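S.K.:
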Amino acid sequence: MKNYLLLSSLLAVIFGCGPTETQQNDMTELVTEWKSTSAKAISLYEEVGDKNYVVNSTESEGNEEEMGMITYNNQETSCEAAYESLNTSMGEFIATWKEQSQKVDDLTSSMSTGKWSDEDQELMESLKQERAQKDTQIEQWKEELKQLNQQCGLDTEALVIQEQES
1 MKNYLLLSSL
11 LAVIFGCGPT
21 ETQQNDMTEL
31 VTEWKSTSAK
41 AISLYEEVGD
51 KNYVVNSTES
61 EGNEEEMGMI
71 TYNNQETSCE
81 AAYESLNTSM
91 GEFIATWKEQ
101 SQKVDDLTSS
111 MSTGKWSDED
121 QELMESLKQE
131 RAQKDTQIEQ
141 WKEELKQLNQ
151 QCGLDTEALV
161 IQEQES
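Residue 65 in my numbering sits at position 65 of the sequence shown, with consecutive numbering throughout.
#1: Report all residues from its chain with a CB closer than 7 Å to the CB of asparagine 56; omit the five preceding and five following residues, and keep chain order.
#2: Please return the same chain residues whose Cβ sits closer than 6 Å to the Cβ of lysine 103, not counting the five positions on each side in sequence.
#3: Taking the continuous beta strand (DSSP E) assigned at serine 78, which residues delimit it?
#4: On the CB-based measure, 16 or more other CB atoms within 10 Å of its CB, does asparagine 25 come out buried or exposed?
#5: Is it right to say alanine 41 is buried, meaning 16 or more other beta carbons lie within 10 angstroms of its own, or is it exposed?
#6: To which residues does DSSP link tyrosine 72 through a beta bridge?
#7: What does the alpha-carbon distance come out to for the pair proline 19 and leucine 123?
#8: Would you identify the three-state DSSP class for serine 117, choosing helix, strand or coil?
#9: Taking the C-alpha atoms as reference points, what is the distance between lysine 146 and aspartate 155?
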């Protein structure tokens, strides 16, 4: 009987350390949202890079006067500098995001092997909060890009009109 109780207790401890169904659902939700935020970030970064290229190409062709000075982040600056600033910020964001994505992958591995600790739970909660903050940051950058595009004449409507005039 003692051996049975000891064995039962040992099994309870071993299997009790695995993730609960709620934790598994939370992790699935985190991974899904993380992928969605990743896709938004990459898409926006590519768009900013494309606009930055267009601005640099326009200015290298001697058309600096066309763009002129704008107000960006409450400062008077050129379109080239504004897009470059946004592109740099997005690049730093992407680098950090990749590091954090590795943590999500590590948590997924821990969960799939049945090993789950309090530290894993804390990290998952932290990553959920970080993802929400980064998602908000991406939305702010989208709005900044929209305003930049309008100020620099690179919004979609302006580009279509310019192409039709050519």
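From the three backbone atoms N, C-alpha and C, an ideal C-beta is built for every residue, glycine too.
A quick note: this is a predicted structure, and the numbers were derived from the prediction, not measured.
M.R.: In brief:
#1: Against the sequence shown, residue 56 aligns to sequence position 56. Correct list, in chain order: Glu80.
#2: Here the question's residue 103 lines up with position 103 in the sequence shown. Nothing listed; no residue qualifies.
#3: As a working note, residue 78 is residue 78 in the sequence shown. It spans 75-78 - the beta strand (DSSP E) in which serine 78 sits, taken as one unbroken run.
#4: In the sequence shown, residue 25 corresponds to position 25, counting from 1. It counts as exposed.
#5: Your numbering for residue 41 matches position 41 in the sequence shown. Alanine 41 is buried by the Cβ-count criterion.
#6: What you label residue 72 is simply residue 72 of the sequence shown in a count that begins at 1. In DSSP, tyrosine 72 forms a bridge with Gln75.
#7: By one-based count along the sequence shown, residue 19 stands at place 19. By one-based count along the sequence shown, residue 123 stands at place 123. Going from the Cα of proline 19 to the Cα of leucine 123 covers about 14 Å.
#8: The count along the sequence shown starts at 1 and reaches residue 117 at position 117. Looking at serine 117 - three-state DSSP - the assignment turns out to be coil, as it is neither helix nor strand.
#9: Reading the sequence shown from its first residue, position 146 is the one you call residue 146. Reading the sequence shown from its first residue, position 155 is the one you call residue 155. Whole-angstrom Cα-Cα distance: 7 Å.
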